[in-house]
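Take 71 as the starting number for the sequence shown in this note's numbering and just add one per residue.
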Amino acid sequence: MTVASMYSTTFMNFQTNNYWLMWVALTLMIVSEIAILCCKVGRAPPYNYICLLVFTLCEAYMVSFICASVNDPAIVLMAAIMTLGISSS
């Protein structure tokens, strides 16, 4: 989703014109995280998969929104390489 927002101008324009969708994704991400960590919903097999799916999709949309708002794609690539370097050592 991040690559689509960085290199597809139509998807990037959609994200920048509909910034309210980022706030919806943030709210759903926090609610699903609380449901996973604090409630019994996060421990029941069919429901925890749904909560994890919602959390993952919302997190992916938020990361792609942030990457689309950055003007230089090289900065995003540099941050990804630095994260990979830290996590592999």
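Think of the CB as a built atom: it goes at the ideal place given N, C-alpha and C, for glycine as much as any other residue.
First through last residue of the alpha helix (DSSP H) which encompasses residue i
i      : result
GLY30  : This structure cannot speak to residue 30, because the chain is shown only from 71 to 159.
SER157 : 143 to 158
Residue i classed as buried or exposed, judged by whether at least 16 other C-beta atoms fall within 10 angstroms
i      : result
PHE84  : exposed
MET99  : buried
TYR119 : exposed
ALA95  : buried
Check whether residue i and residue j have beta carbons under 8 Å apart
i      : j      : result
CYS137 : SER78  : no
CYS121 : VAL133 : no
MET71  : TYR131 : yes
Any C-beta of chain B under 8 Å from that of residue i
i      : result
ALA138 : In the structure shown, chain B does not exist; there is a single protein chain.
Quick test of the definition: if touching needs 3 or more C-beta pairs under 8 Å, does the stretch 124 to 141 touch the stretch 101 to 111? Yes, since at least three Cβ pairs between the stretch 124 to 141 and the stretch 101 to 111 fall closer than 8 Å, the two stretches touch.
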